[in-house]
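Chemist: Attaching a single structure in structure tokens format; questions to follow.
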Amino acid sequence: MINVTKSDYYAWQNETFRKDLRLSERCHGTFKNGTREKLGMMNFSCDDTGSSALSEEMELMYADQNCSIFIVTVPSLATLLPHPTCRMYIPDNAVDNGPTTNCSDFFNTNCTGKPAVFYNKTCRTL
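Okay, structure coming up:
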């Protein structure tokens with residue numbers, strides 16, 4: 000179940016590694032004021048231990064109907080991961096078409112490093 004209030008975001012993170020190995024974790028985000036484009040920011044963590052030691056700060060940098068791009072930092076790992084990461088999210092109903100042109104342009108202009116894709120069509124059959 001996903002629930003959004005003025006101050007909080009509650010969701011489940013579901014991951015499938017094989018047909019017989021699935022992980023489902025409760026997630027909680029607390030909205031903060033954004034610092035860059037004023038689109039919004041949240042502290043976000045998913046874990047089943049109740050620890051917030053690996054909470055992420057996610058700041059929304061770009062959004063359109065079928066794509067969102069966040070800058071993500073993990074404050075507790077700042078010495079190991081000193082540079083923020085870009086994350087692009089595309090809803091399931093838009094995956095077949097890929098990101099919009101404007102979304103791709105924003106990502107390619109503002110995000111560095113090598114992209115990693117955590118979804119492919121076989122995910123639907125697992």
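Throughout the sequence shown, residue numbering follows numbering that gives the first Met the number 0, covering 0 to 125 in sequence.
In this text, a Cβ means the ideal position worked out from N, Cα and C, and glycines have one as well.
Computed from a predicted model, the values in this text were never measured in an experiment.
#1: Is it buried or exposed, S6, if we count other Cβ atoms within 10 angstroms and call 16 or more buried?
#2: Could you tell me which residues DSSP puts in a beta bridge with G28?
#3: Does DSSP put N65 in a helix, a strand or coil?
#4: Kindly list the residues whose CB is nearer than 6 Å to the CB of N13, restricted to its own chain and excluding five residues on each side of it in sequence; keep chain order.
#5: Are the beta-carbon atoms of T100 and N65 separated by less than 8 Å?
#6: Thinking C-alpha only, which one of G39, C85 and L80 is nearest F105?
#7: What does M60 pair with, by DSSP beta-bridge criteria?
#8: Between T48 and V73, what straight-line distance do the alpha-carbon atoms span, to the nearest angstrom?
#9: Determine the contact status of P83 and V71, defining contact as a CB-CB distance below 8 Å.
#10: Tell me whether T78 sits in a helix, a strand or coil according to DSSP, three-state version.
#11: Per DSSP, E85 is paired with what?
Modeler: Let me spell this out:
#1: Indexing the sequence shown from 1 puts residue 6 at position 7. That one is exposed.
#2: Here residue 28 refers to the residue found at position 29 when the sequence shown is read from its first residue. Its beta-bridge partners are Y8 and F43.
#3: Taking the first residue of the sequence shown as 1, we reach residue 65 at position 66. Looking at N65 - three-state DSSP - the assignment turns out to be coil, as it is neither helix nor strand.
#4: On the sequence shown, position 14 is the one that residue 13 refers to. Taken in chain order, the residues that qualify are S23.
#5: As a working mapping, residue 100 is identified with position 101 in the sequence shown. As a working mapping, residue 65 is identified with position 66 in the sequence shown. Cβ distance not < 8 Å, so T100 and N65 don't count as in contact.
#6: The sequence position of residue 105 within the sequence shown is 106, counting from 1. If we check each option's Cα against that of F105, C85 comes out closest.
#7: Position 61 of the sequence shown, counted from the start, is the residue given in the question as residue 60. None, per the DSSP bridge assignment.
#8: Within the sequence shown, numbered from 1, the residue matching residue 48 stands at position 49. Within the sequence shown, numbered from 1, the residue matching residue 73 stands at position 74. Note that T48 scores a pLDDT of 49, beneath 50, so its modelled location is shaky and nothing firm can be said.
#9: Locating residue 83 in the sequence shown gives position 84, counting from the first residue. Locating residue 71 in the sequence shown gives position 72, counting from the first residue. Yes. Within cutoff.
#10: What you label residue 78 is simply residue 79 of the sequence shown in a count that begins at 1. Coil, per DSSP.
#11: As a position in the sequence shown, residue 85 is number 86, starting the count at 1. The displayed chain sequence assigns Cys, not Glu, to residue 85. The partner list for C85 (beta bridge, DSSP) reads I70.
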